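Below you'll find the structure, written out as C-alpha cells, and then a few comments.
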Amino acid sequence: MRDDSPQACAASSMSTARRTLLAVVIGAAIIGAAALWWNMSRPAPQTPVAAAPAPEPAAAPAAPESAAAPAEPVVQYPVEAQPAQALPLKAADLGTVLTDLLGRKAVLEFLALDEFPRRLVATVDNLGRSHAPPMLWPIKPTPGRFMVEERAGGSVINADNSQRYTPLVLLAESVDTGKAVDLYIRMYPLLQQAYEELGYPKAYFNDRLIAVIDQLLATPGADEPIQVHLTEVKGSVASLQPWVRYEFSNPAFESLSAGQKIMLRVGSVNERRLKVKLSAVRQQLIKRVVPR
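So this is what it looks like as C-alpha cells:
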C-alpha cells in the first residue's frame, strides 16, 4: 500500500532535494554557482521560464538600421585570456580535471559527466529562475529523507533537516576557491558554447553566473521554522507525485527564484556558510577578468 502521508511523500522529494543541493555545492566549488535544493517542475531548458527577480542574461544592444554589422554584445565580466600553461579543456578531459579538484571518490559517487558543460550551464541559468529541473543536474541521485513537523499553524520544515546538508556544505568549503576558479577559466570555452546552444548566442555565461551569485547572496533571511504546505490539486485524477507539491506558505518566499528558495531551505546556519563561500568565489571571479 502506498503511503501518501506528508512525511512519506516528502521522502522521495528530498532524494531529488539532496541531489540538487549537491549539484550546486559542487557547481559552486567548480565555478561558484551556488547551493540548490528542492525543484518542483520540468520546463524545457531551451525555453527557460522567466521569474522575478531573476536577472536576464546580458543582451546585445540593437544595431542602427544603417549599420553594416550587428553591434557587439555588452560584456560586464569578461573571462581573462588563457595562460599558455593552461590551455582550454576538451570535453574528454573533464573527468580527469574534476577528479583532480574533487577527488576520485566524489566524482564517481556524485557526478554525471555526460554532457557536463550543458548540464552545468543549464543548472546555473535556472538557479535565477522559477524552476531548476533535476533532470538537467550534473550529478547522480542521492538518497535522503525530508522531514516536516506538524504544528498548530500547519506544517513546518523540521529543524533537524538542515543537519543532513552539513556534510555537503563542508565539501564546498574544503575546495580551494582559487583552484576552482582556475578550472572554471580553463572550462569556460566549453561553458560558453553550451550557453549559446541553450539559447543565448549574444550573451556571456560569465555575466549570468555572477548575476546568479549576486541573487543568491541577496536571499532574504527567514525566521525558523519555515512553514510549508501541499498545494491543492483539482481534478478527478489523483496526483502520482504528491511530494512535488510542497511550497512555502509565505507568498514572498514562494515568489523567490529556485536558487533563493534553496538558500532558505538548507537552514540558516548552512545558508550563512554557503554565502561566505559564494562571496569568496565571486571575489576571485572579479579579480580574474580583464576589461575589453
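Anchor point for the sequence shown: position 269 equals 269 in full-length UniProt numbering, and the numbering is continuous, going up by one each time. C-beta: ideal position from N, C-alpha, C; glycine also. Just so it is clear, the structure is predicted and the values come from calculations on it, not from any experiment.
Secondary structure of residue i, DSSP reduced to three states
i: Arg-150; result: Inspection of the sequence shows that residue 150 is occupied by Glu rather than by Arg. Strand at Glu-150.
i: Glu-224; result: coil
i: Val-289; result: strand
i: Ser-155; result: strand
i: residue 294; result: Given a span of 1 to 292 for the chain in the structure shown, any question on residue 294 remains unanswerable.
i: Ala-218; result: coil
i: Asp-176; result: coil
i: Pro-251; result: helix
i: Pro-133; result: coil
i: Leu-89; result: coil
i: Tyr-200; result: coil
i: Gly-128; result: coil
i: Gly-95; result: helix
i: Val-281; result: helix
i: Val-266; result: coil
Per-residue burial, residue i [other beta carbons within 10 Å of its own, 16 or more giving buried]
i: Met-135; result: exposed
i: Lys-90; result: exposed
i: Gly-123; result: According to the sequence provided, residue 123 is Thr. The question's Gly does not apply to it. It is buried - the Cβ of Thr-123 has at least 16 other Cβ atoms within 10 Å.
i: Leu-108; result: exposed
i: Thr-96; result: exposed
i: Ala-172; result: buried
i: Leu-22; result: With a pLDDT of only 48 at Leu-22, under the threshold of 50, the placement of this residue in the model should not be trusted; the figure read from the coordinates follows. Buried, by the Cβ-count rule.
i: Val-228; result: buried
i: Ser-155; result: buried
i: Glu-232; result: exposed
i: Arg-265; result: buried
i: Arg-164; result: buried
i: Ile-210; result: buried
i: Ile-185; result: buried
i: Lys-105; result: exposed
i: Gly-32; result: Low confidence applies to Gly-32: its pLDDT is 38, below 50, so where it sits in the model is not reliable, and the reading given next is rough at best. With 16 or more other Cβ atoms within 10 Å, it is buried.
i: Ala-203; result: buried
Cβ pair residue i, residue j closer than 7 Å
i: Asn-158; j: Val-169; result: no
i: Val-212; j: Leu-120; result: no
i: Leu-191; j: Leu-101; result: no
i: Pro-133; j: Phe-116; result: no
i: Ala-194; j: Arg-272; result: no
i: Asp-125; j: Arg-208; result: yes
i: Val-181; j: Arg-282; result: no
i: Met-187; j: Leu-216; result: no
DSSP bridge partner residues for residue i (one or two, in chain order)
i: Tyr-246; result: Leu-230
i: Leu-111; result: Ile-139
Heavy atom of the ligand COA within 6 Å of residue i beta-carbon
i: Leu-102; result: You won't find the ligand COA in this model; it holds no ligand whatsoever.
CB-CB length for residue i against residue j, believed under 8 Å
i: Gln-284; j: Thr-177; result: 5 Å
i: Ser-268; j: Glu-224; result: 6 Å
i: Ser-162; j: Asn-270; result: 6 Å
i: Ala-218; j: Ser-130; result: Ala-218 to Ser-130, Cβ: 16 Å. No contact.
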